[in-house]
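Residue numbers (my numbering): 1 to 137. Below is one structure; the comments refer to it alone.
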Amino acid sequence: MASQYEVRNFLAHWFQLGKPVVLAENRGACLPDPVFQNGGYSSSFEDCWHRIMVTSGQDCYLQGTSQSIAEMLSPAWDVTPCARCEMPIVIPTAGTMTELCPCNDLPTWPNTEVPMPRTAVDNQQQLTDLRQRLRVV
Numbered sequence: 001m002a003s004q005y006e007v008r009n010f011l012a013h014w015f016q017l018g019k020p021v022v023l024a025e026n027r028g029a030c031l032p033d034p035v036f037q038n039g040g041y042s043s044s045f046e047d048c049w050h051r052i053m054v055t056s057g058q059d060c061y062l063q064g065t066s067q068s069i070a071e072m073l074s075p076a077w078d079v080t081p082c083a084r085c086e087m088p089i090v091i092p093t094a095g096t097m098t099e100l101c102p103c104n105d106l107p108t109w110p111n112t113e114v115p116m117p118r119t120a121v122d123n124q125q126q127l128t129d130l131r132q133r134l135r136v137v
């Protein structure tokens, strides 16, 4: 079962490649910019997540996929790296995968010439870790 943390991470990665979430009830699409801010999700991302969760993810889809966010959060789906592009994808916990990776409709992906999408970086924690390593030396 994919946790909320995993689904949010899944969406954050795809948002960085310009893939929006199509919202339920003809409420348009959501593509936060920026995705991260100050070592965490941005207020734009949190607003998008709130808009998705208003319907508990029912009828909200990442563009290019057929599983709703609600389905991704059910025990029937897991999040795992794509064998082709290493981006997170959702796969059924039982049965076979019939969907293509969401990168299938991105003509310039995978692109090893540019940095891969990533999770947020907490600069303060990175500096603290670096200071601790320097003190040991």
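Virtual Cβ for every residue (Gly too), placed ideally from N, Cα, C. Source: prediction; values computed, not measured.
Item, Value
"Contiguous alpha helix (DSSP H) assignments of at least 4 residues, all confined to the stretch 56-86", "69-72"
"Pair within 8 Å by beta-carbon distance, Val90 and Trp109", "no"
"Val136 (DSSP reduced to helix, strand or coil)", "helix"
"For Leu134 and Val7, the rounded distance between their alpha carbons", "36 Å"
"DSSP beta-bridge partners of Ile52", "Looking at the DSSP assignment, Ile52 forms no beta bridge with any residue, so it has no partner."
"Simplified DSSP state of Pro102, which is helix, strand or coil", "helix"
"The stretch 27-40 contacting the stretch 94-104, beta-carbon criterion three pairs below 8 Å", "no"
"Pairwise C-alpha distance: Pro115 and Ala12", "15 Å"
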